[in-house]
Structure formats: structure tokens, C-alpha cells
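Report on the following structure.
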Amino acid sequence: MEAVYTQLTLAVAAALTNAPDSPAKMELIEELTENLHQRYLDMVAEGAEPQQAYARTLEELGDTEQLVDYLKQLPADQPLPWPEQGEVPPSQTRLQLEAIAKNLEEMARGALEQARQALERTNVEEKVSSATAHVWQALEQMRQAVHRATADQEGGEGPGADSTPEGASGQPAADAPCQEDGQEDGAEDAPEHAPLTYPSGEAAEGVMHALHTLRVSIPGNLTLRMNQPEDGDVVVGGDNSKLCVSRSKDGVLTIRSADTAVTSFLFRRGVALGDVELSLPCRPWRKLDLQVQGDIHLEGDVPVEQLALSCTRGDAWAKLPHCDTLAAAARHGDLSLEMDVGKAALSVQGGDMKLRGRLDTVKASVEAGDLRLESLAPAQNLVLSARAGNLWVAMPHCQTLTAETHCSSLHVEGEVAKANLEAVMGDVKAKGCFGNLSGTAVNGDFQLSGYVGKGAFQSTNGDVCLELTALPDSLEVGSDAGDCTVKLPLEQGAFQMALSAPSGTLELEEFPFTGSHMGIYTYAPDGHSAEGRLPCYKVRTQSGTVTVSAT
Numbered sequence: 002m003e004a005v006y007t008q009l010t011l012a013v014a015a016a017l018t019n020a021p022d023s024p025a026k027m028e029l030i031e032e033l034t035e036n037l038h039q040r041y042l043d044m045v046a047e048g049a050e051p052q053q054a055y056a057r058t059l060e061e062l063g064d065t066e067q068l069v070d071y072l073k074q075l076p077a078d079q080p081l082p083w084p085e086q087g088e089v090p091p092s093q094t095r096l097q098l099e100a101i102a103k104n105l106e107e108m109a110r111g112a113l114e115q116a117r118q119a120l121e122r123t124n125v126e127e128k129v130s131s132a133t134a135h136v137w138q139a140l141e142q143m144r145q146a147v148h149r150a151t152a153d154q155e156g157g158e159g160p161g162a163d164s165t166p167e168g169a170s171g172q173p174a175a176d177a178p179c180q181e182d183g184q185e186d187g188a189e190d191a192p193e194h195a196p197l198t199y200p201s202g203e204a205a206e207g208v209m210h211a212l213h214t215l216r217v218s219i220p221g222n223l224t225l226r227m228n229q230p231e232d233g234d235v236v237v238g239g240d241n242s243k244l245c246v247s248r249s250k251d252g253v254l255t256i257r258s259a260d261t262a263v264t265s266f267l268f269r270r271g272v273a274l275g276d277v278e279l280s281l282p283c284r285p286w287r288k289l290d291l292q293v294q295g296d297i298h299l300e301g302d303v304p305v306e307q308l309a310l311s312c313t314r315g316d317a318w319a320k321l322p323h324c325d326t327l328a329a330a331a332r333h334g335d336l337s338l339e340m341d342v343g344k345a346a347l348s349v350q351g352g353d354m355k356l357r358g359r360l361d362t363v364k365a366s367v368e369a370g371d372l373r374l375e376s377l378a379p380a381q382n383l384v385l386s387a388r389a390g391n392l393w394v395a396m397p398h399c400q401t402l403t404a405e406t407h408c409s410s411l412h413v414e415g416e417v418a419k420a421n422l423e424a425v426m427g428d429v430k431a432k433g434c435f436g437n438l439s440g441t442a443v444n445g446d447f448q449l450s451g452y453v454g455k456g457a458f459q460s461t462n463g464d465v466c467l468e469l470t471a472l473p474d475s476l477e478v479g480s481d482a483g484d485c486t487v488k489l490p491l492e493q494g495a496f497q498m499a500l501s502a503p504s505g506t507l508e509l510e511e512f513p514f515t516g517s518h519m520g521i522y523t524y525a526p527d528g529h530s531a532e533g534r535l536p537c538y539k540v541r542t543q544s545g546t547v548t549v550s551a552t
């Protein structure tokens with residue numbers, strides 16, 4: 002797969018040769034390559050031969066001349082702008098379309114040459130003739146698309162204005178719903194944007210298995226609801242005029258955009274927005290794989306074994322009763338999930354994340370936003386990271402917790418057997434019962450209220466404050482330039498404390514120590530012996546104040 006990705010990268014770079022070198026060009030090459038690579042993987046997953054899938058993928062690159070013009074208008078030292086950072090590429094005018102038409106044959110020949118070189122590198126030169134046919138079919142379809150777009154610019158008159166021409170091979174044109182090999186005859190001819198239906202049950206002859214998996218890949222917004230009868234159809238509504246829908250014999254329904262990688266890029270800049278609405282039968286599904294470039298809205302009252310969500314520029318919202326395996330990613334948007342999860346891997350680059358439900362194992366990260374997680378049942382393992390936002394987590398019990406934030410605060414509530422908490426530029430607040438807890442607040446304060454069995458807490462430029470409800474087994478507290486405050490209960494047993502403040506002060510008047518020797522302070526209440534080996538708690542500050550008091 003890495004070899005295919007490299008070949009696609011070279012093909013995209015060759016198509017953008019006329020564009021000046023710049024950070025924006027490099028980002029565009031990467032973005033188009035990722036888009037094409039995903040299309041290639043989808044084709045292979047649907048049963049296409051690798052060589053055939055590669056040739057078809059090159060055809061789906063689209064018209065790159067408009068992107069070359071777009072890159073020429075950008076500053077040479079700037080990355081690709083998003084809509085709020087600059088203007089989006091303008092729509093194609095009639096003159097631009099005519100110019101594209103004049104260059105179609107040259108573009109097709111270039112694509113053919115790229116396909117031939119790629120095929121030769123994979124030792125399948127005998128497939129070149131097949132790739133040639135695909136390219137010239139694409140050429141014919143591109144010509145027809147230009148005629149239709151030109152007619153639209155002139156008021157709806159001209160070739161293709163009132164018809165839906167087919168390509169040289171009789172395949173549907175780019176603006177009509179596609180039906181790929183393996184699709185069951187369930188979608189009837191309908192006017193644009195009319196709902197399309199696809200039977201979800203098992204065929205009478207037993208050839209088609211009941212649908213259990215749905216894959217969606219579109220450059221727009223997706224709304225999916227499980228509101229059809231258990232034996233009902235899959236209903237595709239909204240902007241469905243540019244969708245390819247295929248159904249495999251083993252029960253997989255694939256819905257993807259018929260647009261090219263170029264039009265997909267333009268959508269990311271606010272062009273060609275499309276909304277698709279799906280209604281699924283209300284029954285358990287094996288897998289839902291939803292990849293969009295806009296928003297995702299998913300809700301239903303039935304469980305899903307595997308759920309994969311990916312939105313490039315939009316928010317993802319999902320509410321389900323249960324999901325065994327969850328993978329969700331949002332690049333520039335929020336992620337909000339409410340469901341019971343067995344195992345989850347979540348990531349957000351620029352937005353907030355919220356997860357609520359009965360959680361078992363979760364790995365979640367947010368680059369620039371807040372992370373809020375609430376488990377309604379005991380969790381096994383939580384690994385959480387918010388680099389430039391606040392992190393809040395609560396659960397009744399967790400076996401292992403790792404949480405870190407770099408530029409904001411960290412807040413933890415609950416009972417945890419083993420936890421590691423770290424904040425670089427913010428405060429850490431922990432409340433609850435902790436078996437083994439280590440915490441670091443490099444440039445902020447650390448606060449703990451509750452119980453800790455074994456605790457180690459450190460701050461470089463902040464304060465450390467502990468208010469404990471029971472005596473710990475072991476305790477180490479330190480701060481370089483801040484204060485250390487420890488509040489301990491009385492009458493629970495004897496212990497010692499090693500207190501140190503070389504350039505600071507000790508404030509011990511509020512705690513009834515019964516003895517001291519060389520910086521070691523002893524507390525032995527009535528009925529408890531000070532003899533033998535006692536637990537020794539260590540508290541140190543370099544230039545602050547150490548305070549010990551009773552809770």
C-alpha cells in the first residue's frame with residue numbers, strides 16, 4: 002500500500018507541475034493524494050483488481066488546471082488558506098470551461114502516460130490497454146460534463162441541458178446516481194434529489210445476504226438515522242444526484258461521491274456543499290464506516306459492533322446505545338459522542354471532544370480544544386491528552402488512568418487504582434480515591450482532595466496542596482518555587498514527616514507533632530506507639546513555605 006501511495010503522490014505532483022513551488026502546493030499534493038489513496042482502498046475492498054483500481058483512481062483525480070491557477074494566486078510562502086483565512090477558489094466561468102475543453106485530450110494523454118508508468122512499475126504492463134480504455138472513457142465523460150456546465154452558464158440551453166448523456170461505455174454520467182457492479186436492482190429512476198431506496202433484506206434466492214455493513218464517503222454533510230422498520234429499506238435522500246451506490250453479495254452497502262478529488266478539494270474550501278440523508282432499518286449493524294468532509298449526525302436505538310467516523314471540516318455528533326469498537330476523528334470541528342463503548346480511539350485536531358457513556362477502554366487526544374469525558378460505569382483503561390485545551394474526566398472507578406494537558410487545566414474526579422496526571426502550563430485538580438497517584442504541574446498548581454494510597458506530586462513553579470481524608474501508605478511532595486501544604490487527619494495512626502525548606506519557611510504550629518529530630522517530625526496520638534518502623538512522608542520546597550495542618 003505504501004508503494005501505491007508513493008505512485009499516487011508522484012502522479013499528483015506531475016499534474017501540478019505548472020504550479021509554483023510553495024508550502025500550499027505541498028499541502029495540496031498531500032491532500033489530493035490522501036483522497037485518491039482512500040478511493041483506491043475503497044475500490045480494492047469492493048473487489049477490484051489492484052491494477053484496475055489504480056487506473057480508475059487516476060481517472061478520478063479530475064481537472065487540475067483550475068488548481069494550478071488557484072495556486073498561482075496564493076502567496077509563495079503561505080500554506081493553504083481555509084475559508085475564514087482567505088477567499089475560496091471562484092466558480093468556473095463559461096470561458097474557463099471552454100479552455101478546459103480545449104485541453105481535455107492533452108490532459109487525458111497525460112493521465113494515460115502516468116497510468117502506463119505506474120503499471121510498468123508494478124510489472125503489469127499487459128494492463129495498459131485496459132487503462133487506456135478507462136482514460137478515454139473518462140475523456141468522453143469530461144467533455145459531456147463541460148457541455149452541461151457551459152449550458153448552465155448560458156441559461157440552460159445547449160447540448161445536454163435537458164438530457165443525461167452516458168459515457169462511451171454506456172456508464173452513467175458524473176451528475177447521475179451511479180450503480181456499480183454488485184448493486185441489487187432496488188433503486189428506481191427518480192427526479193433529482195428524490196429519495197432512493199435499496200432493499201436491505203436477504204434475497205429470496207439466497208444470493209444476496211442481508212445488509213450488515215454500511216460504508217459512506219462523501220464531500221458534504223451526512224445525517225443518518227435508524228428509523229426504518231427492522232426489515233425495511235435503506236433510504237438515501239438529500240443531494241443524492243452525484244452518488245455511486247453499490248451493494249456487495251456479502252451484505253456491504255457502499256455509498257460514495259462520484260466527484261473527483263479536485264471537486265472534493267474545492268468542497269473543503271466551501272464550494273459544492275452537499276447534504277445526504279440516510280435512513281437505515283432499526284436493527285443491529287455489524288459496521289458503520291462514515292467518512293465525510295462536512296458534518297456527521299448519527300442517531301439510533303440499536304447497537305453497532307464497529308463504528309468509524311471521520312469528518313475533515315465539520316462536527317461529528319453521534320448517539321447510540323452501544324458500540325463494541327469506536328474509531329472517530331475530526332480534523333477541524335467538534336466531536337460529541339454519547340454511547341456505551343467497549344474500545345475507543347478518538348482524535349480531534351481543532352475542536353472540542355465530549356464522550357459520555359459506559360466506557361471500558363478509551364484512547365483520546367485533542368490538539369487544540371477541550372476534552373470532556375464522563376464514564377457512567379467502571380472503566381478499565383483511559384489514556385487522555387489535550388495539548389492546548391482543558392481536560393475534564395469523571396468516572397465511578399477506573400483501573401488505569403493517564404491524563405495530560407500542555408496549555409490548560411486538568412480536572413479528575415472518581416476512584417482510580419493507578420493514575421498519572423500531568424499539566425505543563427496549567428493546574429491539576431484531583432478529587433476522589435486513588436490507589437497509586439503521581440502528578441506533575443510544571444508551571445501550575447497541583448491540588449488533591451480525598452484519599453491516596455501511594456502519592457508522588459511535583460511542581461516546578463506552582464503550589465502543591467493536599468487535603469487527605471486518610472493517612473497514605475507513602476507520600477512525596479515537592480515544589481521548586483512554590484508552597485507545599487499538606488492536611489492530614491488526626492487519631493488514625495502514628496507517622497513521621499521529613500520536612501525541608503532550604504530557602505523558605507516551615508509552618509507547623511497547626512499540627513500537634515509529638516517530637517522532632519534533625520528535620521524528622523513524629524506524630525503519635527494516644528494509643529499509638531512511636532516505636533518501630535513508621536511511614537515517613539516527605540515534603541520539600543526550595544524557596545516556598547511548607548505547611549502541615551490537621552483536616
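Following my numbering, the numbering of the sequence shown begins with 2 at its first residue and continues without gaps. Don't be surprised by glycine CBs; every beta carbon is placed ideally from N, CA and C.
Can you tell me which of the options puts its alpha carbon nearest to the alpha carbon of residue i?
i, options, result
"VAL394", "ARG388, HIS412, GLN381 and THR542", "HIS412"
"ALA404", "PRO490, ASN437, ALA457 and LYS364", "LYS364"
"LEU385", "GLU423, GLY415, GLY352 and GLN294", "GLU423"
"TYR538", "LEU377, GLY433, ASP474 and ASN421", "ASP474"
"VAL342", "SER366, LEU11, PRO379 and LEU81", "PRO379"
"LEU476", "TYR452, PRO490, GLY451 and GLY456", "GLY456"
"GLN307", "LEU321, ASP296 and ARG314", "LEU321"
"GLN448", "GLY436, ALA387, LEU469 and GLY454", "LEU469"
"VAL547", "THR515, ASP481, ARG216 and ALA54", "ASP481"
"THR523", "PRO24, ASP240, ASN228 and LEU491", "LEU491"
"ARG357", "LEU327, ALA331 and GLY351", "LEU327"
"THR255", "GLY494, ASN228, ASP290 and ALA54", "ASP290"
"ALA319", "HIS518, LEU223, GLY370 and GLY520", "LEU223"
"ASP251", "LEU212, GLY295, ALA442 and LEU225", "LEU212"
"GLY48", "ARG248, PRO230 and VAL217", "ARG248"
"GLU231", "HIS333, GLU60, THR552 and ASP302", "ASP302"
"PHE458", "VAL478, SER501 and ARG388", "VAL478"
"LYS419", "HIS407, ALA431, ARG388 and GLY436", "GLY436"
"VAL540", "PRO503, GLY516, ASP527 and HIS529", "PRO503"
Give me, in chain order, the residues of the same chain whose beta-carbon lies closer than 6 Å to that of residue i; leave out the 5 immediate sequence neighbours on both sides.
i, result
"GLY87", "For GLY87, the pLDDT reaches just 35, beneath the cut-off of 50, and the residue's location in the model is therefore unreliable, although a value from the coordinates is still provided. So the list is empty, once near-sequence residues are dropped."
"GLY483", "SER460, GLY463, ASP464 and GLY545"
"LYS355", "SER337 and ARG373"
"PRO536", "PHE496"
"ALA554", "Outside the displayed range of the chain (2 to 552) lies residue 554, so it cannot be described from this structure."
"TYR452", "CYS434, THR470 and ALA471"
"MET227", "LEU281, CYS283, GLY301 and VAL303"
From which residue to which residue does the beta strand (DSSP E) around residue i run?
i, result
"MET44", "MET44 -> not in any beta strand (DSSP E); alpha helix (DSSP H) instead, spanning 24-46."
"GLN350", "From DSSP, GLN350 is part of no beta strand (DSSP E); its letter is neither H nor E."
"GLU414", "411-424"
"VAL367", "360-367"
"THR542", "537-542"
"GLN381", "380-387"
"HIS298", "297-300"
"VAL549", "546-551"
"GLU508", "506-508"
"ALA309", "305-312"
"PHE435", "429-442"
"ASN222", "222-229"
Closer than 8 Å by C-beta to residue i: which residues in its own chain qualify, once you throw out the five before and the five after it? Chain order, please.
i, result
"GLN381", "ASP361, THR362, CYS399, GLN400 and THR401"
"PRO397", "SER376, LEU377, ALA378, PRO379, GLY415 and GLU416"
"ASP428", "SER410, LEU411, ALA442, GLY445, ASP446, PHE447, GLN448 and GLY463"
"HIS194", "No answer about HIS194 holds up, because its pLDDT of 44 lies below 50 and its placement is not dependable."
For residue i, which residues of its own chain have a beta-carbon under 7 Å away from its beta-carbon, when the five flanking residues on both sides are left out?
i, result
"HIS323", "PRO304, MET340 and ASP341"
"ILE30", "THR10, VAL13, ALA14 and LEU17"
"ALA134", "In this prediction, ALA134 has a pLDDT of 48, which is less than 50 and means its spatial position is unreliable; what the coordinates show is noted afterwards. The answer is none, since no qualifying residue turns up."
"LYS288", "THR214, GLU306 and GLN307"
"GLY156", "For GLY156, the pLDDT reaches just 42, beneath the cut-off of 50, and the residue's location in the model is therefore unreliable, leaving the point undetermined."
"PRO80", "PRO24, ALA25 and GLU28"
"ALA346", "ALA328 and LYS364"
Provide the residue span of the alpha helix (DSSP H) that contains residue i, from first to last.
i, result
"LYS73", "66-73"
"GLU3", "3-16"
"LEU59", "51-60"
Mind checking if residue i is an interface residue toward chain C, Cβ cutoff 7 Å exclusive?
i, result
"VAL425", "No chain C appears in the structure shown, which is made up of a single protein chain."
The segment 453-472 touching the segment 498-517, judged by at least three CB pairs closer than 8 Å: Cβ pair count under 8 Å is below three, so no.
Touch test, the segment 31-45 against the segment 235-242, Cβ-Cβ under 8 Å, three pairs minimum: With the cut-off at 8 Å, the segment 31-45 and the segment 235-242 do not touch.
Inter-stretch contact (C-beta, 8 Å, three-pair minimum) for the segment 278-288 and the segment 65-77: No, the segment 278-288 does not touch the segment 65-77.
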